[in-house]
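K.L.:
What follows is a structure written as structure tokens; I'll ask about it next.
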Amino acid sequence: MKTDVQIAQEATLNPIAAVAEKLGITGEKLELYGNHKAKVSLSVLKENQAKPDGKLVLVTAINPTPAGEGKTTTNVGLSMALNKIGKKTITTLREPSLGPCFGVKGGAAGGGYAQVIPMEDINLHFTGDFHAITSAHSLLAALLDNHLHQGNALQIDLNRIVWRRVVDMNDRALRNITVGQGSKANGVERETGFDITVASEIMAILCLASSLTDLKDRLSRMIVAYDVAGEAVTAKDLEATGAMALLLKDAIKPNLVQTLENTPAFIHGGPFANIAHGCNSVLATKTALKLADYVVTEAGFGADLGAEKFFNIKCRYAELKPNAVVIVATVRALKMNGGIEKTKLSEENVTAVKIGSANLVQHLENLKKFKVPVVVAINKFPTDTEAEFEAIRQACSSEAVNVVLSDVFSQGGEGGVELANEVVKLCEMGPSQFEPLYSLELPLEEKIETIAREIYRADGVIFTPEAKNQLEEIVTLGFDHLPVCMAKTQYSFSDDAALLGAPKDFKIHVKEVRLSAGAGFVVAITGSIMTMPGLPKVPAANGMDITEDGEIIGLS
């Protein structure tokens, strides 16, 4: 079979203006970025506000493994399949980060014959949204250091500056740095560091904002430091809000592209799900819901991270009522959860599938707690066997959840028709009964403990003394009513990446708690999670190139 980039570059794309016209987006409401990408004006959502929302379908997955699950591939394929059976459908996805694209994870435009295109643009600079976010974040950092250099009128405590810098690249050497070295003219010397752009609070704000006004309000509330009296110092105090909003004036608008089968796709925003909330923008999702019968969206990594945050954070702020959930798994990934090495995944092993299915079943149990109907999509590989499929069906039968085989990777939308019909059946069961997992009235510690107990199945939570102090300070500042964003490894229900399957008898270790007052959540950092990833020994970048005639090599 051809590579993803070969398939993408051989595809026949419709002019993006034609794709937009079918959605009723014309004239000045569409800002073209060439022939196949466009920004959509925020006025489209305002003008269609009175229309009823379409059905909202979340695509999530089991905990990721090196064997691959294909969540985005399934999302794209399902959206194309829904269109094939006569349902006007839009897919909404996150934008890929350059960090994992050049590192180990690869891009995020789907795969095979279930991709969003132009994939090479989407996986690289796209429409410049991430650069705008990086610039806005860097501007605030520069204004903060300039304020210190110019006399520190706000009496900022140099030991309590929490605003770091960001870059959209995996670069471990930047995790801890010293700025202001040299002469006094170079600023105040202090220690700081870099996070990856997708971990920036500005990224989270862009994806949760409901309007430009809301964006500015959220930006103004961001805490950059604390003064010597212990009071929070915000972006508003540094008079940075207006300039940051100016840098984000285009980035806030959703991006419109298409799938290989010309299904419209809004791709906008890109917070990671292991260190942020892992969902595309509220504006893209809500705009799509006004323009389509069905909207297929996704949340990053496994359902213990992305889906939990989609339900407890995004759905709260956007007042969304999801109608169905698709959880994606592969036979290969379930074998890995059952203890099989990657080199032996092509061999039939029903016993390993049965053992590994404990991971899938726990996700199903968890998703039911949100009262949204679920279907399992098995992303097919050529080496899968009917006996292995039957083992998965039997494992899921205890949860009364149907299992559907999906072959969108090799067949496009046609390979997802059975899944599309099952999704429609779930969505037509009646009005959404969705409920978040916890009440915002609970104390912050109890919110964290609820997620750890109900989703991860931990025996308890151990807070470091530093985390305890940070929680107390957040309560004192009056932000204890916020939802929680857990920063945890994506590879396990626990905070230990090596514990696969459905581990028991463990505790979650919260080492630090950060307040994202602008985004509107509290980040609990667990285990060894880092907000600036590093590159592997052999980065994906080493195998990438472009030829004189424009052929792209190694991008996936």
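Our numbering numbers the first residue of the sequence shown as 1 and each following residue consecutively. By construction, the Cβ of each residue, glycine as well, lies at the ideal position given by its N, Cα and C atoms. As the structure is a computational prediction, the values presented were derived from the model and not from experiment.
Please classify M557 as buried or exposed, where buried requires at least 16 neighbouring CB atoms within 10 angstroms.
P.N.:
The structure shown does not extend to residue 557, since the chain spans only 1 to 556, so no value can be given for it.
K.L.:
Going by DSSP, what residues sit across from E512 in a beta bridge?
P.N.:
Bridge partners of E512: I525.
K.L.:
Please tell me whether L148 and A240 are closer than 8 Å, where the distance is taken between their beta carbons.
P.N.:
No, the Cβ-Cβ distance between L148 and A240 is not below 8 Å.
K.L.:
Does DSSP put Q115 in a helix, in a strand, or in coil?
P.N.:
Note: Q115 maps to strand in three-state DSSP.
K.L.:
Considering only the beta carbon of each residue, do P436 and C315 sit closer than 8 Å?
P.N.:
Cβ distance < 8 Å, so P436 and C315 count as in contact.
K.L.:
Using only the alpha-carbon positions, how far apart do L440 and Q181 sit?
P.N.:
Approximately 44 Å, taken between the alpha carbons.
K.L.:
For E388, name the three-state secondary structure that DSSP assigns.
P.N.:
Three-state result, E388: helix.
K.L.:
Using the Cα positions of F521 and K425, report the straight-line distance between them to the nearest angstrom.
P.N.:
F521 and K425: Cα-Cα distance of roughly 35 Å.
K.L.:
Could you check how far apart the C-beta atoms of I196 and G99 are, in whole angstroms? I think they sit under 8 Å.
P.N.:
Contact flag correct, Cβ pair sits at about 5 Å.
K.L.:
Spatial neighbours of L405 within its chain, please: C-beta separation below 6 Å, excluding the five flanking residues on both sides.
P.N.:
I378, K380.
K.L.:
Taking A108 as the reference, which of G70, K88, A142, G86 has the closest Cα?
P.N.:
With distances taken between Cα atoms, A108 lies closest to G70.
K.L.:
List, from N- to C-terminal side, the alpha helix (DSSP H) runs of 4 residues or more that fit wholly inside the segment 327-353.
P.N.:
Taking only runs of at least 4 residues, the alpha helix (DSSP H) segments lying wholly in the segment 327-353 are 331-337.
K.L.:
Please go through the same chain and pick out, in chain order, the residues whose beta-carbon is closer than 8 Å to the beta-carbon of E551, but skip the five residues on each side of it.
P.N.:
Hits under 8 Å: Q9.
K.L.:
On a CA-only basis, which of V19, E512, M169 is nearest G534? Give me that one, please.
P.N.:
Taking only the C-alpha atoms, the option nearest G534 is M169.
K.L.:
Report the rounded CA-to-CA distance for T92 versus V295, giving the unit in angstroms.
P.N.:
The straight-line gap from Cα to Cα measures roughly 7 Å.
K.L.:
Below 8 Å, can you find three or more Cβ-Cβ pairs linking the segment 189-208 to the segment 509-524?
P.N.:
Touching, yes, given that three or more Cβ pairs across the two stretches are closer than 8 Å.
K.L.:
Have a look at P443 and K309 and give me their C-alpha separation to the nearest angstrom.
P.N.:
Using only the alpha carbons, I get a separation of about 18 Å.
K.L.:
Just reading off the alpha helix (DSSP H) that F130 is part of, what are its end residues?
P.N.:
Where F130 is concerned, the enclosing alpha helix (DSSP H) stretches over 129-149.
K.L.:
Tell me which residues share the same chain as K37 and place their Cβ nearer than 8 Å to its Cβ, disregarding the 5 neighbours each side in the sequence.
P.N.:
So the list reads I16, P118, D121, F126, T127, N255, L256, V257, once near-sequence residues are dropped.
K.L.:
Nearest to V228 by alpha carbon, out of L158, V162, G193?
P.N.:
Taking only the C-alpha atoms, the option nearest V228 is L158.
K.L.:
Spell out the partners DSSP gives S406 in its beta bridges.
P.N.:
N379.
K.L.:
What are the start and end residues of the alpha helix (DSSP H) that includes K316?
P.N.:
In the sequence under discussion, the amino acid at residue 316 is Arg, which differs from the Lys named in the question. Element bounds for R316: 315-318.
K.L.:
State the start and end residues of the unbroken alpha helix (DSSP H) segment that holds C427.
P.N.:
Residues 417-427.
K.L.:
Answer with buried or exposed for N366, where buried requires no fewer than 16 other C-beta atoms within 10 angstroms of its C-beta.
P.N.:
Its Cβ being crowded by 16 or more others within 10 Å, N366 is buried.
K.L.:
Once you ignore the five residues that flank Q470 on each side, which residues in its own chain have a CB closer than 6 Å to its CB?
P.N.:
Cβ neighbours of Q470 beyond the five flanking positions: V513.
K.L.:
Using beta-carbon positions only, say whether Y438 and F493 come within less than 8 Å of one another.
P.N.:
No; because the gap between Cβ atoms is not below 8 Å, this pair is not in contact.
K.L.:
Look up K55 in the DSSP assignment and give the residues it is bridged to.
P.N.:
Answer is Y294, bridged to K55.
K.L.:
Closest to V326 by CA distance: which of V76, G230, K290, G478 is it?
P.N.:
Measuring from the Cα of V326, the nearest candidate turns out to be V76.
K.L.:
List the DSSP bridge partners of C558.
P.N.:
No information on residue 558 is available, as it lies outside the stretch 1 to 556 that the chain covers here.
K.L.:
Taking buried to mean at least 16 other C-beta atoms within 10 Å of its own C-beta, is Q150 buried or exposed?
P.N.:
That one is exposed.
K.L.:
When we look at the beta-carbon of E542 and count the other beta-carbons within 10 Å, is it buried (16 or more) or exposed?
P.N.:
Checking the displayed sequence, the identity of residue 542 turns out to be Asn instead of Glu. Exposed, by the Cβ-count rule.
K.L.:
Quick check on P322: buried or exposed, where buried means 16 or more other Cβ atoms within 10 Å of its Cβ?
P.N.:
Answer is buried; the Cβ neighbour count reaches 16.
K.L.:
Does the count of Cβ pairs from the segment 392-404 and the segment 28-35 closer than 8 Å reach three?
P.N.:
No: fewer than three Cβ pairs fall under 8 Å.
K.L.:
H363: which of G302, A265, T134, F194 sits nearest, CA to CA?
P.N.:
Of the listed residues, the one whose Cα sits closest to H363 is G302.
K.L.:
Which residue marks the beginning of the alpha helix (DSSP H) containing T89, and which one marks its end?
P.N.:
Segment 89-93 is the beta strand (DSSP E) holding T89; no alpha helix (DSSP H) there.
K.L.:
Go through its chain and collect everything with a Cβ distance to A132's Cβ below 6 Å, but skip five positions before and after it.
P.N.:
Correct list, in chain order: L247, L248, A251.
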